[in-house]
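Some notes on the structure that comes next.
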Amino acid sequence: MTKRVAILISGGGSNMVALAEDMVGDHPARPVLVLSNDPKAGGLQKARDMGIATAAVDHRPFGDDRSAFEAALKEELDRTGPDIICLAGFMRILTPSFIAAYAGRTLNIHPSLLPKYKGLNTHARAIEAGDAEAGCSVHEVTADLDAGPVLGQARVAIRPDETPETLAARVLPLEHRLYPAVLRRFASGDRSLVTLS
Ligand code: GRF
Numbered sequence: 000m001t002k003r004v005a006i007l008i009s010g011g012g013s014n015m016v017a018l019a020e021d022m023v024g025d026h027p028a029r030p031v032l033v034l035s036n037d038p039k040a041g042g043l044q045k046a047r048d049m050g051i052a053t054a055a056v057d058h059r060p061f062g063d064d065r066s067a068f069e070a071a072l073k074e075e076l077d078r079t080g081p082d083i084i085c086l087a088g089f090m091r092i093l094t095p096s097f098i099a100a101y102a103g104r105t106l107n108i109h110p111s112l113l114p115k116y117k118g119l120n121t122h123a124r125a126i127e128a129g130d131a132e133a134g135c136s137v138h139e140v141t142a143d144l145d146a147g148p149v150l151g152q153a154r155v156a157i158r159p160d161e162t163p164e165t166l167a168a169r170v171l172p173l174e175h176r177l178y179p180a181v182l183r184r185f186a187s188g189d190r191s192l193v194t195l196s
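Every letter in the sequence shown is one number past the one before it in numbering that gives the first Met the number 0, and letter 105, counting from 1, is 104.
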């Protein structure tokens, strides 16, 4: 049975595009919705150009009322009934109750070699720490931010004159290979680790 995938974005949606472009042919899943917390997210038009249904729930009118915002998100999601949720450049922190509603079937891509550098500014922190390498991780989303089981990782060497911008420019293309590879396995029930370099 083909798995229905909803992809949550906040910005350009380059990871969403990579996921959607891979979900063709014998792939066990198909994109059914691209949902953003920003009605102006550039990824929404890219999704529409790919023929994928889109929706937006602007988080700003909800202020600090996370549960009201997430109830509106959930309403949009339940309209299409996804089997799997992929966070892809989604920049809102989700509450444990929202995560519980989709437990075991929500993935996220994070631009660091987890468990190192949870949170933001990951590339700057890796460079600052003098790490030899950096990269990205796909993990299952749990109540602890960026701390769920890792399902895939891709690595790059950090160069002597590296900046966060040059590092991001080398990691992002790896994200676009890693996330589709992990989703393909995850959608077929395979949770074995994907590694790329
Ligand atoms: C990427 O670096 C991703 O790792 C992070 O958000 C950034 C933008 O992603 N989660 P996208 O281009 O919007 O997919």
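Beta carbons are placed, not taken as given, at the ideal position from N, Cα and C, and that holds for glycine.
Model, not experiment: these values are computed from the prediction.
Query: Residues near PHE97 in its chain [Cβ-Cβ closer than 6 Å; skip 5 each side]; Result: GLU69
Query: Whole-Å CB distance - VAL56 paired with LEU32, under 8 Å assumed; Result: That belief does not hold up - the Cβ atoms of VAL56 and LEU32 are roughly 12 Å apart, past 8 Å.
Query: Other residues of its chain near PRO128: CB distance less than 6 Å, five sequence neighbours each side excluded; Result: The sequence given here has Ala at residue 128, not Pro. Here the set comprises nothing.
Query: LYS2 - DSSP class collapsed to helix/strand/coil; Result: strand
Query: SER13 beta carbon less than 8 Å from that of ARG91; Result: no
Query: Buried versus exposed, by CB contacts within 10 Å (16 or more), PRO81; Result: buried
Query: Nearest neighbour of ALA163, chosen from ALA133, ILE51 and HIS175 [CA to CA]; Result: The sequence given here has Pro at residue 163, not Ala. Of ALA133, ILE51 and HIS175, the residue nearest in Cα terms is ALA133.
Query: Bridge-paired residues (DSSP) for THR105; Result: ILE84
Query: Sequence-distant residues of its chain with Cβ nearer than 7 Å to LYS117 (five each side left out); Result: LEU144, ASP145 and ALA146
Query: Terminal residues of the alpha helix (DSSP H) in which GLU139 lies; Result: Here GLU139 belongs to no alpha helix (DSSP H); instead the beta strand (DSSP E) covers 132–139.
Query: Under the three-state DSSP convention, the category SER187 falls into; Result: coil
Query: Inter-residue CB distance, ASN76 and THR105 (contact presumed, cutoff 8 Å); Result: Here residue 76 is Leu; the residue named in the question, Asn, does not match the sequence. With a Cβ gap of about 11 Å, LEU76 and THR105 do not count as contacting.
Query: Enclosing beta strand (DSSP E) for ALA123 [first to last residue]; Result: No beta strand (DSSP E) contains ALA123, which is instead part of the alpha helix (DSSP H) from 121–127.
Query: CA nearest to the CA of GLY103, picked from LEU177, LEU34, ALA186 and VAL170; Result: ALA186
Query: For LEU173, three-class secondary structure by DSSP; Result: helix
Query: Simplified DSSP state of GLY42, which is helix, strand or coil; Result: helix
Query: Helix, strand or coil at SER96 according to DSSP, with G and I counted as helix; Result: helix
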